[in-house]
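Since the structure comes first, as structure tokens, the remarks are kept for the end.
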Amino acid sequence: MENPDIVLSVPSIIIRNGYPCETHIVMSQGYLLNIHRIPRSKNGGGIPKKTIILHHGLFASSADWILNGPEKSLAYILADAGYDVWMPNIRGNKYSREHAWLKTNSKSFWNFSWHDVAVYDVPAIIDYILKEKGEGTKVTYIGHSMGTTILFAMLTMRPEYNDILTAGFALAPVVFLSDIKTPIKSLSKVASNVAQMEMLYGSYEFIPKNSVLGKMTKSCDVDGRDAAVCKNLLFYICGYNEKQFNKTLLPIFLSHIGTGTSWKTAVHFAQEVVAGGKFQQFDYGSDLNLRVYGNEAPPEYDLDKIKLPLTLFWAENDLLSSEADVKDLYKRLPPTTQIYKISDPDFNHLDYLWAIDAPTLLTDKILFYLEQVYSTL
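Taking numbering that gives the first Met the number 0, the leading residue of the sequence shown gets 0, the next gets one more, and so forth.
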């Protein structure tokens, strides 16, 4: 029998598991952003002032934080531990595809990268939460992969949020990408060229669900031959870890992944790979850079502006967030920054979301560091 979570929406899955769920809509630059909220624990009670924003990664959605089930998913565990959990959806994904005046099939709608999310969307979401909850609200941001990229870009471009947020947790930080081990590194030189990507692909959605690649995710049957292919493809990109892989979760995960992003977001990440250890804004090419930035090269994000207490989580077998790149980032952050290495040497980029032993390998440590943060307030 097919698991209902394959077809259910995030709010429906949360409610099916016995938790309260709310959907809030925040408008940013005309984009109508859906935020899914678990305001309290399964057992009820008042809404806590301790508030967590969980921000997903690339090609993902708020589903990342709940698909591993009530016993293992971070969102449920945080709610039961006494936190008010808010899960944004990036502009352009399946939950945030509406705009006040732009059509979804227009080039203008898809003309954004994670930079725009960092500068406009996440600040708007934080402001909304603080206004909604009122005085005494303490907000901590937890991001995975691209969710961490957005955090660091926001703290440099909107430095006032260093004082507004309580703390930031970066799961598999993606800031410097000079040492990534994944095979997609070889594609980055081509993908980083804006003119080439526009010519080959167009300035629209990147890998939409109705494309050939988008349809591939639907072909993975848990009992079929395609399941092994899909599993190994994920391992090939993110790191091999068979013992933490729950094969029954694969069709559920794949039905929720690939929820929509822009070509510009993908190009921006490719540019970070070829930038040689720089964390910089979008590179339009020297001529257009001169018009946009007043310089032929795109400006780097100034990490010296970051003052927020941070905790970095990294893993040896994460092909997209390498030890060298994470430690390079750590050296450039405030002395208050903490760093934690996952004890499992095979832990990979996706294990943060769906590892069988996620509670003991990761979540317990997150709860420990959160307790440290809130005990000092």
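Note that CB positions come from ideal geometry on N, CA and C, so glycine has one too.
Relative to D120, the option among I89, H143, F312 and H267 whose CA is nearest is I89.
Closest by C-alpha distance to R36, out of A74, Q270 and R15, is A74. Collapsing the DSSP output to three states places V118 in a helix. The Cβ atoms of I149 and I65 lie no closer than 8 Å to each other.
The beta carbon of K137 is closer than 8 Å to those of K48, K49, T50, T165, Y373 and L376 in its chain, skipping five residues each way along the sequence. Taking the Cβ atoms as the reference, F58 lies roughly 6 Å from T260, within the contact range of under 8 Å. Straight across, the Cα-Cα distance linking A62 with P297 is about 33 Å.
Of the other Cβ atoms in all chains shown, 16 or more fall within 10 Å of the Cβ of R39; this residue is therefore buried. As a beta-bridge residue in DSSP terms, S261 pairs with E204. I46 is the residue among S285, I46 and M26 whose C-alpha sits nearest the C-alpha of K132. Take the alpha-carbon of L349 and the one of F151: they are about 20 Å apart. Counting of Cβ neighbours within 10 angstroms places A99 among the exposed residues, the total staying below 16. F268 and Y94 have their C-alpha atoms spaced approximately 22 Å apart. The alpha-carbon separation between V291 and D301 amounts to approximately 18 Å.
Shown here for N2: same chain residues with a beta carbon closer than 8 Å to its own, the five before and five after excluded, namely T247, P250 and I251 in chain order. Boundaries for Q371: no beta strand (DSSP E) harbours it, while the alpha helix (DSSP H) harbouring it runs D363 to S374, taken from the DSSP string. Secondary structure at K242: helix, using DSSP grouped into helix, strand and coil.
Between the segment 108-117 and the segment 350-361, the count of C-beta pairs closer than 8 Å stays below three; the two stretches do not touch. For L361, the number of other beta carbons within 10 angstroms of its own is at least 16, and it is reported as buried. For G146 and H54, the gap between their C-alpha atoms comes out near 5 Å. Relative to I34, the option among M26, M86 and S27 whose CA is nearest is M86. Taking 8 Å as the upper bound for CB-CB distance, L154 and L307 are in contact here, some 6 Å apart.
Under DSSP, T147 takes part in no beta bridge, so it has no partner. Spanning the alpha carbons of A274 and Q280 requires a straight line of approximately 11 Å.
By alpha-carbon distance to F346, the top candidate from L170, I14, D83 and F367 is L170.
Put simply, the backbone Cα of D286 is about 32 Å away from that of V325.
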